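A.B. asks: Below you will find the structure I want to go over with you.
Structure (structure tokens):
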């Protein structure tokens, strides 16, 4: 079965639910620091907007292997549950502060492809490719890198972007760059 937004009371016997309490605490700490001193944070990683389920995996030499194949010698990873991070950060922001000048605004999560396109990545790559100083090889490398970063079948859909900003910095719920439609 799939995770149901990390609500334990929705889980059924046999469901696979992944929870990262440390990640939630880090999100709360980031939110608390932003509330206290203003500023912003941007979190980019591979993950989901709907809770994580059965994403634990291991890699060795760029190939996926069984998680327990060589304990201590493989890279173990799991998808980030962006919904849980956002909810955790929102909870501490809502519960610990009634002053709107010291609260946080949350933006996203959106896909990395959306974020980079909105930030002008395509236009920047086109400008670099069209430069007289850019060789054909460099142009192809730039184009390939852009495709890898923004296309859904590569990193564009799998990676997500979440922003947390001080309401004082945001001013009237201003949407930060990258979180608007290009």
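Numbering (full-length UniProt numbering), first residue to last: 1 to 182.
Don't be surprised by glycine CBs; every beta carbon is placed ideally from N, CA and C.
All values derive from a computational prediction rather than experimental measurement.
1. Using the DSSP secondary-structure output, state which residues sit across from residue 46 in a beta bridge.
2. Measure from the C-beta of residue 75 to each C-beta in chain D and report whether the shortest distance is under 7 Å.
3. Looking at the secondary structure, which residues open and close the beta strand (DSSP E) in which residue 65 lies?
4. Assign residue 70 to buried or exposed, taking buried as 16 or more other Cβ atoms, counted over all protein chains shown, within 10 Å of its Cβ.
5. Any idea what DSSP makes of residue 165, helix, strand or coil?
6. Please classify residue 72 as buried or exposed, where buried requires at least 16 other C-beta atoms within 10 Å of its C-beta.
7. Residue 80 bridges to which residues according to DSSP?
8. Taking DSSP as the reference, what is the three-state secondary structure of residue 120?
9. In terms of alpha-carbon separation, which member of 82, 18, 22 lies closest to residue 163?
10. I'd like to confirm the pairing. Which residues does DSSP put opposite residue 104 in its beta bridges?
11. Does the contact criterion of 3 or more C-beta pairs under 8 Å hold for the region 21-37 versus the region 51-59?
12. Under three-state DSSP, which class holds residue 59?
13. Determine the burial state of residue 145: buried for a count of at least 16 other Cβ atoms within 10 Å of its Cβ, exposed for fewer.
14. Rounding to the nearest angstrom, what Cα-Cα distance links residue 142 and residue 126 in this structure?
15. Nearest to residue 111 by alpha carbon, out of 84, 120, 152, 121?
16. When the Cα atoms are used, what is the spatial distance from residue 166 to residue 132?
17. Compare the Cα-Cα distances from residue 23 to each of 45, 158, 11 and report the closest residue.
18. Suppose the cutoff is 6 Å on Cβ atoms and the five residues either side in sequence are ignored; what does the same chain contact list for residue 158 look like?
19. Out of 55, 129, 148, which one is the CA nearest neighbour of residue 139?
C.D. replies: Once the coordinates are examined:
1. According to the DSSP secondary-structure assignment, residue 46 is paired through a beta bridge with 159.
2. In the structure shown, chain D cannot be found, because there is only a single protein chain.
3. Counting along the chain, the beta strand (DSSP E) containing residue 65 begins and ends at 63-65.
4. exposed
5. strand
6. Per the 10 Å Cβ criterion, exposed.
7. 47
8. coil
9. Here the closest residue by C-alpha is 82.
10. Answer is 166.
11. no
12. It is a strand residue.
13. With fewer than 16 other CB atoms across the displayed protein chains lying within 10 angstroms of its CB, residue 145 is exposed.
14. 9 Å
15. 152
16. Each residue's alpha carbon lies about 42 Å from the other.
17. 45
18. 46
19. 129
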